[in-house]
Structure formats: C-alpha cells, structure tokens
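Asker: In the UniProt record's numbering, the protein residues as written are 1 to 321.
Think of the CB as a built atom: it goes at the ideal place given N, C-alpha and C, for glycine as much as any other residue.
Source: prediction; values computed, not measured.
#1: Which of helix, strand or coil does DSSP assign to residue 193?
#2: Can you check whether the CB of residue 184 is closer than 8 Å to the CB of residue 157?
#3: Is the CB-CB distance between residue 298 and residue 197 below 8 Å?
#4: Residue 58: which of 103, 47, 182, 271 sits nearest, CA to CA?
#5: Let me confirm a value: residue 249 is counted as buried when at least 16 other C-beta atoms fall within 10 Å, else exposed. Which label applies?
#6: In three-state terms, what does DSSP make of residue 58?
#7: Tell me, which residues are paired with residue 251 by DSSP?
#8: With the cut-off set at 8 Å, would you say residue 270 and residue 191 are in Cβ contact?
#9: With DSSP collapsed to three states, give me the class of residue 74.
#10: Looking only at its own chain, which residues have a Cβ that is under 6 Å from the Cβ of residue 147, when we skip the five neighbours before and after it?
#11: Measuring straight from C-alpha to C-alpha, what distance separates residue 322 and residue 74?
#12: Does the Cβ of residue 262 have 16 or more other Cβ atoms within 10 Å, making it buried, or fewer, making it exposed?
#13: Hey, out of 99, 145, 116, whose CA is closest to residue 123's CA?
#14: Would you tell me roughly how many angstroms separate the C-alpha atoms of residue 286 and residue 292, rounded to the nearest one?
#15: DSSP state of residue 64, grouped into three classes?
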C-alpha cells in the first residue's frame, strides 16, 4: 500500500532500511524482476548479505541477469537451482564469479546462458548427490576442472551440449586426467554435431559404478527431460541444429569401460538419426554391455535407423519409441 502511495506522489528517490532475519524461511525463489528491485551492483546491500539473513534455508531458486558477485554460502542449503543470463545488448560487461559453499547441498542445477564466461568457485560440496550443468560460455580449463572436481562424488550427473562440447575440446581431459566419479550411477549427456565419442567413452572409463546411461542428440532445441531441472527452466530454449555430415564411422576403443561389463543395466539414445557415428556408438554400448536389461532408442526416422542399428548387432532387446 505504501509503495502505491509513493508512486502516486511521484517520489523520485526512496531510501529504505532492509534488515532481515528470516530464521523460519526454508524455501526461497528469487526471479530477476524481484532481484533487480532489491539488489544492484552499485549498492552496499548485496545478495550475500540477504542470504546470510536466512540461516535455515534449504531450497534456493535464483534467476538473475546482473553481474555482481554471487556468493551462496549456507550450511543448511540442500537444493540449489540457478539460472543465469546476460542480455545480448551487454556482451562486454565484466562478469563476477559464482561462489558456492554448501556442505549440506544434495541437488545442484546450474543453467548459464550468459554471453560472457563466468568463473565458478565451489567448496564443501562433498554431500552433493545430483547435479545438472548447462553452461554456454566457459572461461578456461582450470574453471572447468574445478567444477568436475567438486562434482566427482555425485550419483547423478547431467551435462548440456555446450558443456560437454567444451570439455571435449580440452586435450587435458582424456581418460588419464579426467577425475574418477566413484559413485556415479546415472549419466545424461546432451550432444550436438561433431560429438567427441572418445571423450564420452573416457567418462564411462571413469565411472565404474554407472548403471544408467542416457544420450540426447540435440535437434530441435533445449533439454526437455533432464532430471532435476525446474519447470520454469525448461521453457528456455536455444536454437541449434544437428546436421548429417558424411558417412564416416567411429571405431570404439578396444579397452572396454568397466561399467559396461559389470554394471550398466539401462541405455537410452534420444533423437538418434541415421548418422554413422551415432549408430556406431549405440552399437558399441549395446554389444559390450553384458548386464543390459533395457535399451530405449528414440528416433524421428525409425525405419531406416532401426535397420541400420540392428545390422551387425548381436542383441535385439531394443525398445523403439
């Protein structure tokens, strides 16, 4: 009511003291409109101060487009969903790091559509169980390695196509240097054209307990079914088309990942097309996984793709969707 009165009086400047101590607040969702009203890069009262007034917060949803330092340091936090974006009209602004220190955190989703890269500084995430990363712009190898290091204990990991593509470009991230995901049981990776299949196999080599593998070929837009992505995140889509390029195949490595022979029980490939490398990879997983119980192939061109995939395969328990 008092805000409306101030507007009626055409107030040009209004200073408010904002001191909070919300000890009973457990779930907090902050969207960009609210954030831009409360916080600004040039004022003393920051997001960090605001969060420090919520000592028992367990779930935080943060959607923002400003450039200030984001420091989420909460001992009680269990679920964190962050969606970052920078308008196309401000591509040259300095972007400050995203810092997370949350020893109780179990679920982490980061979707960053910013045009400028942002560094990530993670500490005390040893309790993390599930993570989703969709990052469009990466800064450097050290930042990416830091992310992987802090996620190495998760049981469920989902990587967007930009994130996986960036990792694939780093020569240092082969199966020798890639961190071992000792507890990883579910891996979902979105791929685009010119996917580095050897890098994907490197992930499998370093996930000895993997049980479920999901590959999503990016054809017509954003991730639709990744686990743990909030509904409002799913409405954000970026255009990206995957094209059929040549008929060159892919030869899988002779050393088979341990998870294929000892643990993998489900494999799904969404939006697979009649592209030789995709068919070769799918056949490699199917033929070398001795414990497989369920295989789902989602294809927009079922007849031709089915015939191509079954050709030469030693197994036939495939569900086509």
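Answerer: The answer reads as follows:
#1: coil
#2: yes
#3: no
#4: 103
#5: exposed
#6: coil
#7: Residue 251 pairs with nothing; no bridge assigned.
#8: no
#9: coil
#10: 120
#11: The first residue shown for the chain is 1 and the last is 321, placing residue 322 beyond what the model contains.
#12: exposed
#13: 99
#14: 8 Å
#15: strand
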